[in-house]
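Asks: My structure is below; once you've seen it, I'll send some questions.
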Amino acid sequence: MQQNVATSAAAHNGNNGKRPPGRPRSEQSRRAILRSTLKLLRQEGGFPDLSIEAIAADANVSKATVYRWWPSKAALVADAFAESSVDELQFPDTGSVRNDMNLQMRRLIRIFRSERGKIVAALLAGGQSDPDLLEAFRERFLWPRRRQAYKTLQRGIDRGELPRSTDLNLILDSLYGPIYMRFLIRHDELNDDFVDQLCSVVLHGCQRR
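Right under this line is the structure:
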């Protein structure tokens, strides 16, 4: 009798007691996959040698679980890096556009100088021969930061620190382009003094115009 009741209850819940399809994905598994991706990307020979099989094995999940979250290895790697730095790279609101940009840029170069800098280099290097990887980096890391930067510069415009005619894309390319150049070419130091000089030259020049 008890068995019949249990069977009836399971049937009432659907799938004879099995969990229904479309169940929420495990956040614990997702985070394990992201951690394993960063770990293996540092250990392996860069993006080309990294495999979904290795990531799944290290995270103790199936390949199918990985692909339920991410459509490709490129998307997974870009997400792993972006999520590891999302809190650090938030733009502050100090009441000064120069201070806001300066603080965020300093945080960025600290990441570039850390072990995670190798991941960025791997993403950018691999993206030269893999358009999907470069697109994933843009969509999952670059553009979310860029949209925050637009808001930061717009606050500066609203406060009268920058002219209404300011070209936001030109300003951001002028501020961050030299950082990426020094990061990749390594022809000179990438440090806080460099960030101070960049902000002074670019933002002061914009104000004068």
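Heads up: the sequence shown runs through residues 561 to 769, numbered per the working numbering. Note that CB positions come from ideal geometry on N, CA and C, so glycine has one too.
Taking a contact to mean a Cβ-Cβ separation below 8 Å, would you say Ser-596 touches Ala-624 in this structure?
Replies: Result no, Cβ atoms of Ser-596 and Ala-624 do not sit closer than 8 Å.
Asks: According to DSSP, simplified to helix, strand and coil, what is Ser-760?
Replies: Three-state result, Ser-760: helix.
Asks: For a quick check, are the C-beta atoms of Met-683 and Phe-672 less than 8 Å apart?
Replies: This sequence places Leu at residue 683; Met is not what is there. Not in contact: Leu-683 and Phe-672 (Cβ atoms no closer than 8 Å).
Asks: Mark Ile-745 as exposed unless 16 or more other C-beta atoms lie within 10 angstroms of its C-beta, in which case mark it buried.
Replies: With fewer than 16 Cβ atoms within 10 Å of its Cβ, Ile-745 is classed as exposed.
Asks: Restricting to Cα atoms, I'd like to know which of Glu-643, Ser-644, Arg-667 and Phe-641 is closest to Phe-651.
Replies: Minimum Cα distance to Phe-651 is reached at Arg-667.
Asks: What are the start and end residues of the alpha helix (DSSP H) that includes Val-657?
Replies: Residues 657 to 673.
Asks: Using DSSP with H/G/I as helix, E/B as strand and the rest coil, what is Pro-581?
Replies: Since pLDDT at Pro-581 reaches only 47, below the 50 mark, its modelled position is unreliable, and no value is offered.
Asks: Compute the Euclidean distance between the alpha carbons of Ser-760 and Arg-658, then round it to the nearest angstrom.
Replies: Looking at the two C-alpha atoms, the distance is approximately 8 Å.
Asks: Which residue's Cα is closest to the Cα of Glu-613: Val-626, Asp-653 and His-764?
Replies: With distances taken between Cα atoms, Glu-613 lies closest to Val-626.
Asks: Answer with buried or exposed for Lys-633, where buried requires no fewer than 16 other C-beta atoms within 10 angstroms of its C-beta.
Replies: Answer is buried; the Cβ neighbour count reaches 16.
Asks: Since I believe Leu-610 is in contact with Leu-772 (beta carbons under 8 Å), could you give me their beta-carbon distance rounded to a whole number of angstroms?
Replies: Summary: the structure shown does not reach residue 772, with the chain confined to residues 561 through 769, and so no result is reported for it.
Asks: Measure the Cβ-Cβ separation of Met-661 and Leu-594 and say whether it is below 8 Å.
Replies: No, these two residues do not count as a Cβ contact at 8 Å.
Asks: How many angstroms separate the CA atom of Pro-608 from the CA atom of Ile-717?
Replies: Approximately 43 Å, taken between the alpha carbons.
Asks: Consult DSSP for Arg-705 and reduce its assignment to one of helix, strand or coil.
Replies: Residue state, collapsed to three classes: helix.
Asks: Do Leu-750 and Arg-742 have their C-beta atoms within less than 8 Å of each other?
Replies: Contact: yes.
Asks: Following the continuous alpha helix (DSSP H) through Asn-729, name the residue where it begins and the one where it ends.
Replies: 728 to 745 is the extent of the alpha helix (DSSP H) around Asn-729.
Asks: So, with DSSP's three-state summary, where would you put Glu-648?
Replies: Looking at Glu-648 - three-state DSSP - the assignment turns out to be coil, as it is neither helix nor strand.
Asks: For Trp-629, report the span of its alpha helix (DSSP H) as first-last.
Replies: Start and end: 623 to 629.
Asks: Could you work out which residue in Gly-606, Arg-591, Arg-602 and Ser-589 is closest to Leu-693 when comparing CA atoms only?
Replies: For the residues Gly-606, Arg-591, Arg-602 and Ser-589, the minimum Cα distance to Leu-693 belongs to Gly-606.
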